[in-house]
Amino acid sequence: MTKPMQWANALSTRPSLEAAVSEVVAGIKESFTDNPDLGIVFLSAAFASDYSRLVPLLLEKISLPLLIGCGGGGIIGMKEPDQVLEVEGTPALSLMVARLPDVEIQAFRIDSDRLPDSDSPPQKWTELIKVAPEKNPHFLLLSDPMATGINDLLEGLDFAYPQSVKIGGLASGGGMMNQGNLFFYDKNQPSSPLYGQGTIGVALSGNIQIDTIVAQGCRPIGQPYQVSQGERNIITEILVPDDQSGELHPIAPLEALRNLIQTLSKKDQELAQNSLFVGLVGDEFKLALQSGDFLIRNLLGVDPRYGAIAIGDRVRPGQRIQFHLRDAQTSAEDLDFLLKKYQTNSKTKVPQATLLFSCLGRGNSLYQVPNFDSELFRDHVPDIPLAGFFCNGEIGPVGKRTFLHGYTSVFAVFRSL
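Taken in order, the sequence shown gives residues 3 to 419; the numbers are from the working numbering.
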């Protein structure tokens, strides 16, 4: 009988890197009964000057055939079996290890200048990753924040592996000139270990599934509109239903926004001054929209002369949009709603570990209390290891596509099929 997968996490807040490494390895060995196949490590920016020492120190104390990780402005992990901490601004090291007996693990490193052209066939992408699409791998991706082409990479992976889950984040650990945020060691690759740039990742195939919860922390206001005219990221005209006949008529988006704001409460009007966003509908065939159906993007600017608005993504005629607001209460309610939905839909599933990729703009600065997202998650999904970091951008799916997000918490829940 094949052994089940096994996961364990340990967190240290020791100010010395040597002491932190010793503490997390000791914590892992207390609860982990087998040799790990994979290590995932997140190290605080407080250790930025010591980043190059991390991999050798870890490998001296624990055998890891494969290790990936990155630096972070905040680190998440288990201090005790029943205590999860989000450590922001002070030294921290989090190590997650996994034994995956029925899972094929393929590690890869990608430089931005090695990406196939946008019109390349799927085979070019599978050659880059070295995993056949019929294996339906799931991807964990970590990227340097200075790396270009991350959106092209996500589009290419969606193109070549449409059934696969892609999750991860952009490192936020600082380092020399904001570079050198990535940690990579693969015993099968002679150039390891790596302390550098680009994108690193693992493809996981076989008896493993990743469930995702993408909490963007916004609530819709008003009604959905349909884009009728626009170019690239600029919307010049939308269609609005008539109050009486219901027929659609064109209007400048800025005019529609002004009309909408007049209908809001005083509190929401104040919030709209600096926390207004635009949601793009992820599934154009879905009629009843709710939280999680929108891809949230920044409202970059307006043009009063033409009534146009610019947002932080491309739009196309026919696409539906809806204005959104974000604050701490909305973010908390959004995550609670999504976790309850996941709990309801996964009663027969057995989650075994979670990685959390959360925006630097969340955490204590948003909620004014520590550990909010991770503790709320464990209220709904208790008793499994949780690790992660605060990102410069979060990678996760909305609908059937994968996107780079901001102000978002992406939970990746690992389980057997």
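The beta carbon of each residue, even a glycine, is placed where N, CA and C say it ideally should be.
These numbers come from a predicted model, not from an experiment.
Open item on the list: Taking its Cβ as the centre, do 16 or more other Cβ atoms sit within 10 Å of TYR308, making it buried, or is it exposed?
Closed with: For this step, residue 308 is matched to residue 306 along the sequence shown. Burial call: exposed.
Open item on the list: I need the DSSP call for GLY27, collapsed to helix, strand or coil.
Closed with: Here residue 27 corresponds to residue number 25 of the sequence shown, with the count starting at 1. Correcting the residue identity first, residue 27 is Val in this sequence and not Gly. In this structure, VAL27 counts as helix in the three-state DSSP scheme.
Task: ASP295, buried or exposed, once every other Cβ within 10 Å from all chains shown has been counted against 16 - done: As a first step, residue 295 is located in the sequence shown; it is residue number 293 there, counting from the start. By the neighbour-count rule (16 or more Cβ atoms within 10 Å), ASP295 is buried.
Task: Start and end residues, beta strand (DSSP E) containing SER411 - done: If you number the sequence shown from 1, residue 411 lands on position 409. Counting along the chain, the beta strand (DSSP E) containing SER411 begins and ends at 411 to 417.
Task: Where LEU117 falls: helix, strand or coil (DSSP) - done: Taking the sequence shown and counting its residues from 1, the one referred to as residue 117 is at position 115. Correct three-state label for LEU117: coil.
TODO: Give the DSSP-derived three-state secondary structure of GLN231 in the structure shown.
DONE: Taking the sequence shown and counting its residues from 1, one reaches residue 231 at position 229. It is a strand residue.
Open item on the list: For LEU196, which residues in the same chain have their Cβ closer than 6 Å to its Cβ, ignoring the five residues on either side in sequence?
Closed with: One-based indexing of the sequence shown puts residue 196 at position 194. Taken in chain order, the residues that qualify are PHE186.
TODO: Closer than 8 Å by C-beta to ASN180: which residues in its own chain qualify, once you throw out the five before and the five after it? Chain order, please.
DONE: As a working note, residue 180 is residue 178 in the sequence shown. Residue confidence for ASN180 is low, a pLDDT of 48 falling below 50, so the modelled location carries little weight; the figure read from the coordinates is stated next. Residues PRO147, MET148 of the same chain have their beta carbon placed closer than 8 Å to that of ASN180, with the five preceding and five following residues left out of the count.
Task: Within 9 Å, strictly: CB atoms of ASN183 and GLY175 - done: What you label residue 183 is simply residue 181 of the sequence shown in a count that begins at 1. What you label residue 175 is simply residue 173 of the sequence shown in a count that begins at 1. Taking C-beta atoms as the reference points, ASN183 and GLY175 count as a pair closer than 9 Å.
Task: Reduced DSSP category for ASP244 - H, G, I as helix; E, B as strand; rest coil - done: As a working mapping, residue 244 is identified with position 242 in the sequence shown. Secondary structure at ASP244: coil, using DSSP grouped into helix, strand and coil.
TODO: Pick out the complete alpha helix (DSSP H) segments inside the region 72 to 158, 4 residues or longer, and give them in chain order.
DONE: 124 to 131
TODO: Spatial neighbours of ILE386 within its chain, please: CB distance less than 7 Å, with the 5 preceding and 5 following residues excluded, ordered by chain position.
DONE: Sequence index remark: in the sequence shown, residue 386 carries index 384 (1-based). Excluding positions up to five away in sequence, the list reads PRO353, GLN354, ALA355, THR356.
TODO: For ASN180, name the three-state secondary structure that DSSP assigns.
DONE: Position 178 of the sequence shown holds residue 180. With a pLDDT of only 48 at ASN180, under the threshold of 50, the placement of this residue in the model should not be trusted; the figure read from the coordinates follows. Reduced to three states, the DSSP call for ASN180 is helix.
TODO: Please report how far the alpha carbon of ASP336 lies from the alpha carbon of VAL216, in whole angstroms.
DONE: Reading the sequence shown from its first residue, position 334 is the one you call residue 336. Reading the sequence shown from its first residue, position 214 is the one you call residue 216. If I take the Cα positions, the gap works out to 10 Å.
Open item on the list: Using CA atoms only, rank isn't needed, just tell me which of SER360, LEU406, VAL412 is closest to PHE391.
Closed with: Translated into the one-based positions of the sequence shown, residue 391 becomes position 389. Nearest of SER360, LEU406, VAL412 to PHE391, Cα basis: SER360.
Open item on the list: Whole angstroms are fine: how far does the CA of SER247 sit from the CA of ILE152?
Closed with: Locating residue 152 in the sequence shown gives position 150, where the first residue counts as 1. Locating residue 247 in the sequence shown gives position 245, where the first residue counts as 1. Computed Cα separation, rounded: 45 Å.
TODO: Flag this pair as yes or no: are the beta carbons of ILE240 and ILE253 separated by less than 9 Å?
DONE: One-based indexing of the sequence shown puts residue 240 at position 238. One-based indexing of the sequence shown puts residue 253 at position 251. Cβ distance < 9 Å, so ILE240 and ILE253 count as in contact.
- [ ] Given a cut-off of 9 Å, decide if LEU156 and GLY203 are closer than it, judged by their beta-carbon atoms.
- [x] Along the sequence shown, read from residue 1 onward, the residue named residue 203 stands at position 201. Along the sequence shown, read from residue 1 onward, the residue named residue 156 stands at position 154. Not in contact: GLY203 and LEU156 (Cβ atoms no closer than 9 Å).
Task: ALA254, enclosing beta strand (DSSP E) - first and last residue - done: Looking up residue 254 in the sequence shown gives position 252. It is not in any beta strand (DSSP E) - ALA254 carries neither H nor E in the DSSP assignment.
Task: Where the beta strand (DSSP E) through ASP52 begins and ends - done: Numbered from its first residue, the sequence shown carries residue 52 at position 50. Element bounds for ASP52: n/a, residue is neither H nor E.
- [ ] State the Cα-Cα distance for the pair ILE64 and ALA205, rounded to the nearest angstrom.
- [x] Numbered from its first residue, the sequence shown carries residue 64 at position 62. Numbered from its first residue, the sequence shown carries residue 205 at position 203. Cα to Cα, ILE64 sits roughly 23 Å from ALA205.
- [ ] Taking the CB atoms as reference points, tell me whether VAL283 and ILE311 lie closer together than 9 Å.
- [x] Counting from one through the sequence shown, the residue named residue 283 turns up at place 281. Counting from one through the sequence shown, the residue named residue 311 turns up at place 309. The answer is no: Cβ separation not under 9 Å.
Open item on the list: Closest to ALA414 by C-alpha separation, out of GLU82, PHE141, ARG116, LEU87, would be which residue?
Closed with: Position 412 of the sequence shown holds residue 414. Cα-wise, what sits closest to ALA414 is PHE141.
Open item on the list: Tell me which residues share the same chain as SER120 and place their Cβ nearer than 7 Å to its Cβ, disregarding the 5 neighbours each side in the sequence.
Closed with: Position 118 of the sequence shown holds residue 120. Excluding sequence neighbours, SER120 sits near ASP154.
- [ ] May I ask you to list the residues that DSSP assigns as paired with LEU456?
- [x] Outside the shown range of the chain, which is 3 to 419, sits residue 456, and nothing can be said about it.
- [ ] State whether the region 88 to 95 contacts the region 103 to 122, with contact taken as three or more CB pairs (one from each stretch) at a distance under 8 Å.
- [x] Contact between the region 88 to 95 and the region 103 to 122 is not established, with fewer than three Cβ pairs separated by less than 8 Å.
- [ ] Would you mind working out which of GLN225, VAL383, LYS168 sits nearest ILE212, comparing C-alpha positions?
- [x] Working through the sequence shown from its first residue, we reach residue 212 at position 210. Comparing Cα-Cα distances from ILE212 to each of GLN225, VAL383, LYS168, the minimum goes to LYS168.
Open item on the list: Assuming LYS268 is part of the alpha helix (DSSP H), what are its boundary residues?
Closed with: If you number the sequence shown from 1, residue 268 lands on position 266. From DSSP, the alpha helix (DSSP H) with LYS268 extends over 268 to 273.
- [ ] Kindly indicate which three-state DSSP category THR15 falls into: helix, strand or coil?
- [x] Translated into positions along the sequence shown, residue 15 becomes position 13. It is coil, neither helix nor strand.
Open item on the list: Using DSSP's beta-bridge definition, name the partner residues of THR356.
Closed with: The count along the sequence shown starts at 1 and reaches residue 356 at position 354. THR356 is bridged to LEU388, VAL415.
- [ ] Have a look at ARG299 and SER145 and give me their C-alpha separation to the nearest angstrom.
- [x] On the sequence shown, position 297 is the one that residue 299 refers to. On the sequence shown, position 143 is the one that residue 145 refers to. Roughly 20 Å separates the two Cα atoms.
Task: Any beta strand (DSSP E) of 3 or more consecutive residues that is wholly inside the region 277 to 307 - done: The qualifying runs are 278 to 283, 296 to 305.
Task: Euclidean distance between Cα positions of SER24 and ARG364 - done: Against the sequence shown, residue 24 aligns to sequence position 22. Against the sequence shown, residue 364 aligns to sequence position 362. SER24 and ARG364 have their C-alpha atoms roughly 30 Å apart.
TODO: For ALA334, collect the residues of the same chain with a Cβ closer than 6 Å to its Cβ; drop the 5 residues on either side in sequence, then sort them by chain order.
DONE: As a first step, residue 334 must be located in the sequence shown, where it is residue number 332. There are no such residues.
Task: GLY365 - DSSP class collapsed to helix/strand/coil - done: As a position in the sequence shown, residue 365 is number 363, starting the count at 1. Three-state result, GLY365: helix.
TODO: Determine the direct distance from the alpha carbon of LEU159 to that of ASN209, and round the result to whole angstroms.
DONE: The residue labelled residue 209 in the question sits at position 207 within the sequence shown. The residue labelled residue 159 in the question sits at position 157 within the sequence shown. The C-alpha of LEU159 is placed about 20 Å away from the C-alpha of ASN209.
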